[in-house]
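Engineer:
In UniProt numbering, the protein residues as written are 1 to 248.
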């Protein structure tokens with residue numbers, strides 16, 4: 001009797017057939033990530049901080065700007081060129097532009113040109129003296145140490161016809177004269193105010209009396225104290241600040 005043979009177990013395909021290799025090369029592993037770096041903070045620079053602030057209310061016309069530039073260029077070429085520029089460029093401007101050119105030259109501390117321009121303006125038929133404009137010129141000229149020109153301008157002020165008794169303007173003039181120790185001009189300006197009917201107020205006396213006493217001018221201060229008492233009696237306001245006087 002034939003013995004029953006046990007069937008041979010099937011081999012796995014992997015043991016019979018060799019594993020097929022892929023036809024393409026495997027991709028290389030990705031490069032390692034770069035080491036972490038410190039975060040950099042980038043800030044945009046505000047260029048507006050480098051710009052000069054615009055002056056509110058000031059708007060020069062093109063003609064006025066050209067006149068300022070022409071006068072400045074001509075001033076470096078000699079008196080003859082400057083005279084020609086004053087006639088051909090500045091002399092043709094309108095009233096408003098002439099005054100704005102003067103103020104722009106003052107703003108730039110071009111006192112030499114400002115004085116020439118102001119003398120031209122005084123010759124115009126429409127010219128009318130303004131104490132506030134004089135006060136502005138006194139402040140700029142004195143601030144640049146041009147005290148002889150300040151005296152000349154004050155002489156112009158004294159000889160003006162029909163000047164308005166502008167109290168605020170005169171107080172500004174007094175303040176400038178006292179600030180730069182121009183005692184004679186300050187005292188003369190006080191009496192000039194009274195001549196044209198511009199009666200001094202508390203601010204006027206406070207500026208003069210306190211200023212003169214700080215400079216050791218006791219004699220002149222004593223006379224003003226007497227006059228202040230005639231106006232106001234009590235002189236306690238001399239110890240008050242400018243703001244307190246304005247509010248009273």
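Backbone N, C-alpha and C define an ideal beta-carbon position, used for all residues, glycine too. Note that the structure is a prediction, hence the values are computed from the model and not measured.
Can you tell me whether residue 191 is buried or exposed, with buried defined as 16 or more other CB within 10 angstroms of its CB?
Structural biologist: Its Cβ having fewer than 16 others within 10 Å, residue 191 is exposed.
Engineer: Assuming residue 64 and residue 112 form a contact by the criterion Cβ under 8 Å, report the distance between their Cβ atoms to the nearest whole angstrom.
Structural biologist: Rounded, the Cβ-Cβ distance is 18 Å, inconsistent with contact.
Engineer: Hey, out of 61, 115, 165 and 194, whose CA is closest to residue 94's CA?
Structural biologist: Measuring from the Cα of residue 94, the nearest candidate turns out to be 61.
Engineer: Does residue 77 come out as helix, strand or coil in the three-state DSSP assignment?
Structural biologist: Residue state, collapsed to three classes: coil.
Engineer: From the DSSP output, in three-state form, read off residue 217 for me.
Structural biologist: DSSP places residue 217 in coil when its eight states are reduced to three.
Engineer: Report the option in 115, 180 and 99 whose CA atom is closest to the CA atom of residue 82.
Structural biologist: When each option's Cα is compared against that of residue 82, the closest is 115.
Engineer: For residue 175 and residue 110, what's the separation of their Cα atoms in angstroms?
Structural biologist: Roughly 22 Å separates the two Cα atoms.
Engineer: Would you call the CB atoms of residue 198 and residue 177 closer than 7 Å?
Structural biologist: No, these two residues do not count as a Cβ contact at 7 Å.
Engineer: Is it buried or exposed for residue 231, if we count other Cβ within 10 angstroms and need 16 for buried?
Structural biologist: Under this definition residue 231 is an exposed residue.
Engineer: Determine the DSSP secondary structure at residue 210, reduced to helix, strand or coil.
Structural biologist: Helix at residue 210.
Engineer: Run through DSSP, which three-state label would residue 188 get?
Structural biologist: Residue 188: helix per DSSP, three-state reduction.
Engineer: Need the endpoints of the alpha helix (DSSP H) that residue 171 sits in, please.
Structural biologist: Here the alpha helix (DSSP H) through residue 171 covers 167-179.
Engineer: So, is residue 88 buried or exposed, given that buried needs 16 or more other C-beta atoms within 10 angstroms?
Structural biologist: Residue 88 is exposed by the Cβ-count criterion.
Engineer: Where residue 271 and residue 160 are concerned, what is the direct C-alpha to C-alpha distance, given to the nearest angstrom?
Structural biologist: Residue 271 lies beyond the stretch modelled for the chain, which goes from 1 to 248, so this question has no answer here.
Engineer: Rank 166, 140 and 154 by C-alpha distance to the C-alpha of residue 106 and give the top, closest one.
Structural biologist: Per the Cα distances, 140.
Engineer: Grouping DSSP H, G and I as helix and E and B as strand, with all else coil, what is residue 182?
Structural biologist: Correct three-state label for residue 182: coil.
Engineer: Secondary structure at residue 255, three-state DSSP: helix, strand or coil?
Structural biologist: With the chain represented from 1 up to 248, any question about residue 255 goes unanswered, as that position is not in the structure.
Engineer: Output the boundary residues of the alpha helix (DSSP H) element that contains residue 233.
Structural biologist: Residue 233 -> no alpha helix (DSSP H), and no H or E assigned at all.
Engineer: Give the DSSP-derived three-state secondary structure of residue 123 in the structure shown.
Structural biologist: DSSP places residue 123 in coil when its eight states are reduced to three.
Engineer: Under 8 Å by Cβ, that's how I've got residue 68 and residue 104 pegged, so tell me the actual separation to the nearest angstrom.
Structural biologist: Yes, residue 68 and residue 104 are in contact; Cβ-Cβ is about 5 Å, under 8 Å.
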